[in-house]
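Chemist: Here it is, the structure in full.
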Amino acid sequence: MWPVSIFFILSGMASAFEPSFFSSVETINREIAPTTLYELSPNPVFYQTMHLNDYLYYQTSFSDIENHFKRTYDPEEEREYQAYFYAFKNLNERSSIAASAAYLRTEQTDVQGSIEKHFYEQYISCIDSSQADIKYDGPQLWALYNYRLFDRLLVGLKLDYGVERGLEDVYTQCESIIRNFFLSFGLGYQSINQSFSIGTFGKYYNRQTKLESVKETSDAQVTTFFGYHAYVEENPGSTIRKNDDLNGYEFGLQAERRDLLINGFSIQLAGSLAGRENNVTVGSVSQPRARGYWVREGLKITGALVFYPQNSFGGIQTSIDYRRYDDWIKSGNFDVIIIENNTSSGKVGAKLFVNPAGWLQCAISGEYEQIQDDYREYIEPFSYKKERLNRNASIEFKIRPNIISAIRLKGGFSNNEPYFYWDTDEYHVRRINGQNIALGYERLFLFGTMGLSFKIEKWRPVLVNINDSVVELTMENINSFGIELYYQK
Amino acid sequence: MVKKTIIPILALLLWVFSGCFNQAPEVYDGDLTIRIYVEYEEQPLANAPVTIYTYDYNFESLTDTTDSSGVVEFENLSWAQYSTYSRGLIPVPSVNNPGYLDTLFLSGALSLEISNDSTHLATAIITDTLEVIAVGTDPGIKINEIYSSGPPNRLFWFYDQFYELYNSSDDTLYLDGMIFCRMGSGLANVTYIFQFPGTPLTGQQYPIAPDSFVVVAMDAIDCRTIISTSIDLSDAEYEFRNSLDYADFDNPNAFNLDNLETGNTLDFMVGLTGDVVLIADGSDLDYTDGIDLESVVDCVEWSSSSTHIKEIEDALDSGCGGVGISRYSGYSIERISPGFDTNNSTTDFQNRSTPTPGYQYTGE
């Protein structure tokens, strides 16, 4: 399901319970600097490439997305409230530990057929007959431990655990319970001066999802979709439950060479192989019916060339990212393939860092992505084979008017080609233009640094009508607003 | 040192994980062919309309006509559990006038056996024979409509259940002494047994004229006074009244069917989304050993579940109506035309969003 999901772009944390296929790193309050090896490929042993010193971070945040250009089963509005705590500590010369605890509340309003949190991210997904508001609550925890076994050999372990519960406000009062668990184990080699690093990690993850619709008076009526066109009306019943058991693995390699040939020039290269299986059953609690078995396997290769000499006026980073997913879904009733998908994407990006004065840091970046989709449904024949282009650019400033305060300013725009399930044929939508701007202020106190930031994002679908004239759908924007307050030390 | 350590580990991990998941099937959906042979009195039947349908997906039913060999074929279907029926006015060789054709209303239904075995998947062709019979060869009193789901309400109220009987014969028939039963699993298990007034077999006090309906209500009252979304049953000709239940409502204008079961103090209630009911001529009143097959006049099984496992013997009802009806939806099931009976409720009945006590549904 590689196609761009604007919701996932907007709300990274909301997807925390829908694990991304390839591991990704949540960066907090990131400085203007080149990508680290851990961000490129999250091997626990290289966590210290992000943080060298002890670090403490508290954050509360709120974001709101109004979606006037919604798909049928998207919420009209989505609000998120988050409290986040993060700490990193070097225990001694050989070992370090990091841990995080977050509590997230997500409120979705006016969700039609409100069972799935993200209907379009699943190939086998359910709706019921209600239109309702849903609240999701849940804590997420992770902990990481690194140990330098010998001078050059490192081992690391990361553990993630999260539970989330969602409850719909009207009958069929659907309840969702999601529990996920990740375990990563990494091994790495790092030269004494840290100019050369190579490592590997393995990750196992497991997620159990239960979505349950219960009757009030009339029976719960649930529909299960197989892809986006074929569906089955489940037998009405007092309780209809969807079970989705996911097991997956990822196996990655990464290497970095710093100060290659000249000071400040480094190469990063990483690759991952990943696979996962979903087993989905739907039906009454006592007699669930097999609805499908979904396997996704994929490959990711990323790399970066960075030239960023220390104490210089700037630098440059170029990056590449190639991903490929192969999906197949087997019918729950017969040993036949009902959906198949092959998606590959290639992305190149460049980022220019300019530090003209000690009080000013600046970065300009741009990315160009080409995605090839080949999606097929066989139950009710449907095929979508297309090449899509996405582009984005941004500019970012960090200004220090004095030694105790800093102002952050970031703006950008994007131009994405939507996937077919955005009803693009019906509306003749060809592209979605996005703009975003973020403004932050932070101040150093005796007890640490406090900061406040705001973010506004807007997406506009672009129509091409029969005369080939281009029109922006100003009334059907997707608008997002976010605010966060943080403390770090 | 690094290469010697890491490369074997990578190879081992790849080997371990590569076999984690099931293998992909070799067959793609959408290549199924169903071939139906239609026979009438063991002879191939040409020009018969055949319809196939499934509850597994949201597909429209497909209809085609048999060729001169009595065969019809549906291609490029998705793999699912299908049922098929043939129903309509079809010309067949005349028995009385050899060489001529008689046009008869024929009907038949069949659930296709489609298993997940490799033979089916490899050939992707399912073949079966559908036998049709002439409708109206067994006229009589039929259970024409059943309403059990309850009206839309938030009080769990469902006491407006009723059954509509229809006389599909050309003669006046009599309900005297007949029994009305709710069945358990099979003909041997009687859950409730109530009896019409009068003497079984010989009585002629409670007639039902040709081509007419009578309504048998749980209670013959205007249920709209209790639940506004319910129906008016105050004109029902018959009602169930258990004389062991002193609180059971009794409408003096309606004839009573009384309980025969020792110790049963309940009214005649059936499952909201599924059950089996039958009417029998009353010659066998000993319910403890079940009901004699020969005495059964009509029997209907219904269930909201498409995967329902049949309760009653196929000889009485080889199908099951009411698939998809939910509790408190106000839906009933009714024969597609008055008295239409092929002993297969799957095809004989249709779901109705509005119950029609005492008359046949004529359209939205």
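The listed protein sequences derive, respectively, from chains U and S.
Quick note on numbering: the first sequence equals residues 1 to 489 in my numbering.
Quick note on numbering: the second sequence equals residues 1001 to 1364 in my numbering.
Backbone N, C-alpha and C define an ideal beta-carbon position, used for all residues, glycine too.
Please read all numbers here as calculations on a predicted model, not as lab measurements.
Whole angstroms are fine: how far does the CA of S:E1311 sit from the CA of S:V1276?
Modeler: Going by the C-alpha atoms only, they are around 8 angstroms apart.
Chemist: Using DSSP bridges, identify the partner residues of U:W142.
Modeler: Note: U:W142 sits in a beta bridge opposite U:S100, U:D160.
Chemist: Under the DSSP definition of a beta bridge, which residues are partnered with S:Q1043?
Modeler: In the DSSP output, where bridge partners are listed per residue, S:Q1043 has S:Y1040.
Chemist: Tell whether a beta-carbon distance below 7 angstroms holds between S:V1190 and S:Y1040.
Modeler: Result no, Cβ atoms of S:V1190 and S:Y1040 do not sit closer than 7 angstroms.
Chemist: Locate the alpha helix (DSSP H) running through S:D1348, then write down its first and last residues.
Modeler: That run of the alpha helix (DSSP H) goes 1345-1348.
Chemist: For my contact list, S:F1162 and S:A1217 are in at a C-beta cut-off of 8 angstroms; report their separation, rounded to the angstrom.
Modeler: At roughly 4 angstroms, the Cβ-Cβ gap stays under 8 angstroms, so S:F1162 and S:A1217 are in contact.
Chemist: In the DSSP assignment, what are the bridge partners of S:Y1192?
Modeler: DSSP output for S:Y1192 lists S:R1182 as bridge partner(s).
Chemist: Just to confirm, is the Cβ distance from S:G1150 to S:Y1328 under 7 angstroms?
Modeler: Yes. Within cutoff.
Chemist: Buried or exposed: where does U:F150 fall if 16 or more other Cβ atoms within 10 Å of its Cβ makes it buried?
Modeler: With fewer than 16 other Cβ atoms within 10 Å, it is exposed.
Chemist: Is there contact here, the segment 448-466 of chain U with the segment 476-484 of chain U, by at least three beta-carbon pairs under 8 angstroms?
Modeler: Judged by Cβ distances under 8 angstroms, the segment 448-466 of chain U makes contact with the segment 476-484 of chain U, as three or more pairs qualify.
Chemist: Determine the extent of the alpha helix (DSSP H) in which U:T281 is found, giving its start and end residues.
Modeler: Run containing U:T281: none in the alpha helix (DSSP H); it sits in the beta strand (DSSP E), 265-283.
Chemist: The segment 1071-1083 of chain S: which residues have C-beta closer than 9 angstroms to a C-beta of chain U, in chain order?
Modeler: Against chain U - using a Cβ distance shorter than 9 angstroms - the residues of the segment 1071-1083 of chain S are N1076, S1078, W1079, A1080, Q1081.
Chemist: Write down the C-beta distance between S:L1316 and S:V1296 rounded to the nearest angstrom, noting that I regard them as a contact closer than 8 angstroms.
Modeler: Sure, about 6 angstroms apart at Cβ, within 8 angstroms.
Chemist: Would you give the residue range spanned by the beta strand (DSSP E) that U:E377 belongs to?
Modeler: Counting along the chain, the beta strand (DSSP E) containing U:E377 begins and ends at 360-377.
Chemist: Pairing CB atoms from the segment 1028-1037 of chain S with CB atoms from the segment 367-385 of chain U, are three or more of them under 8 angstroms?
Modeler: At 8 angstroms Cβ cutoff, the stretches touch.
Chemist: In angstroms, rounded to a whole number, what distance separates the CA positions of U:R258 and U:S41?
Modeler: Taking the straight line joining both Cα atoms gives about 16 angstroms.
Chemist: Could you give the residue range of the beta strand (DSSP E) that holds U:E216?
Modeler: Neither: U:E216 is in no beta strand (DSSP E) and is coded neither H nor E.
Chemist: For the segment 1029-1043 of chain S, enumerate the residues whose C-beta is nearer than 7 angstroms to any C-beta of chain U, in chain order.
Modeler: Listed by position along the chain: D1029, G1030.
Chemist: Which runs of the beta strand (DSSP E) spanning at least 3 residues fall entirely within the segment 1109-1183 of chain S, listed in chain order?
Modeler: As far as the segment 1109-1183 of chain S is concerned, its whole beta strand (DSSP E) runs of at least 3 residues are 1125-1134, 1141-1147, 1162-1167, 1179-1183.
Chemist: What do you get for S:G1177, buried or exposed, if any count of 16 or more other CB atoms within 10 angstroms of its CB means buried?
Modeler: Classification for S:G1177: buried.
Chemist: Using a Cβ-Cβ distance under 7 angstroms, would S:R992 count as near chain U?
Modeler: Nothing can be reported for residue 992 of chain S: it is not among the residues displayed for chain S, which extend from 1001 to 1364.
Chemist: Which same chain residues, not among the five before or five after U:S61, have their C-beta less than 6 angstroms away from its C-beta?
Modeler: If we look at U:S61 and ignore the five residues flanking it on each side, its Cβ neighbours are Q82, E484.
Chemist: DSSP on U:Q48, reduced to helix/strand/coil?
Modeler: Helix.
Chemist: For chain S, is any of its Cβ atoms less than 7 angstroms away from the one on U:S218?
Modeler: Yes, because at least one Cβ of chain S sits closer than 7 angstroms to the Cβ of U:S218.
Chemist: Using a Cβ-Cβ distance cut-off of 7 angstroms, determine whether U:D245 contacts chain S.
Modeler: No, U:D245 does not count as interfacial toward chain S.
Chemist: S:T1288 by DSSP, collapsed to three states: which one?
Modeler: Helix.
Chemist: Between the C-alpha atoms of U:Y384 and U:F420, what's the straight-line distance to the nearest angstrom?
Modeler: For U:Y384 and U:F420, the distance between alpha carbons rounds to 8 angstroms.
Chemist: Taking all protein chains shown into account, decide if U:R207 is buried (16 or more other Cβ within 10 angstroms of its Cβ) or exposed.
Modeler: Label assigned to U:R207: buried.
Chemist: Under a three-way DSSP split, which group does S:C1223 fall into?
Modeler: S:C1223 falls in the helix class under three-state DSSP.
Chemist: Hey, is the segment 314-324 of chain U in contact with the segment 297-305 of chain U, meaning 3+ C-beta pairs nearer than 8 angstroms?
Modeler: Short answer: they touch.
Chemist: Label U:Y486 either buried or exposed according to how many other C-beta atoms from any shown protein chain fall within 10 Å of its C-beta, with 16 as the threshold for buried.
Modeler: Looking at its Cβ environment, which holds 16 or more other Cβ atoms inside 10 Å, U:Y486 is buried.
Chemist: Against S:T1307, what residues of chain U qualify as contacts under a CB-to-CB distance less than 9 angstroms, listed in chain order?
Modeler: Going along chain U in sequence order, the residues near S:T1307 (Cβ under 9 angstroms) are N235, G283, Q287, R289.
Chemist: Which two residues bound the contiguous alpha helix (DSSP H) that contains S:E1294?
Modeler: Here S:E1294 belongs to no alpha helix (DSSP H), and DSSP marks it neither H nor E.
Chemist: Give me the Cα-Cα distance between S:D1128 and S:E1113, rounded to the nearest whole angstrom.
Modeler: C-alpha separation (whole angstroms): 8 angstroms.
Chemist: Would you mind telling me which residues of chain S sit closer than 8 angstroms to U:K330, beta carbon to beta carbon, in chain order?
Modeler: The contacting residues are N1022, A1024, P1025.
Chemist: In angstroms with no decimal places, state the Cα-to-Cα distance between U:E426 and S:D1267.
Modeler: The pLDDT assigned to U:E426 is 49, lower than 50, so where the model puts this residue is not dependable; a value taken from the coordinates is nonetheless given after this. Cα-Cα distance, rounded: 55 angstroms.
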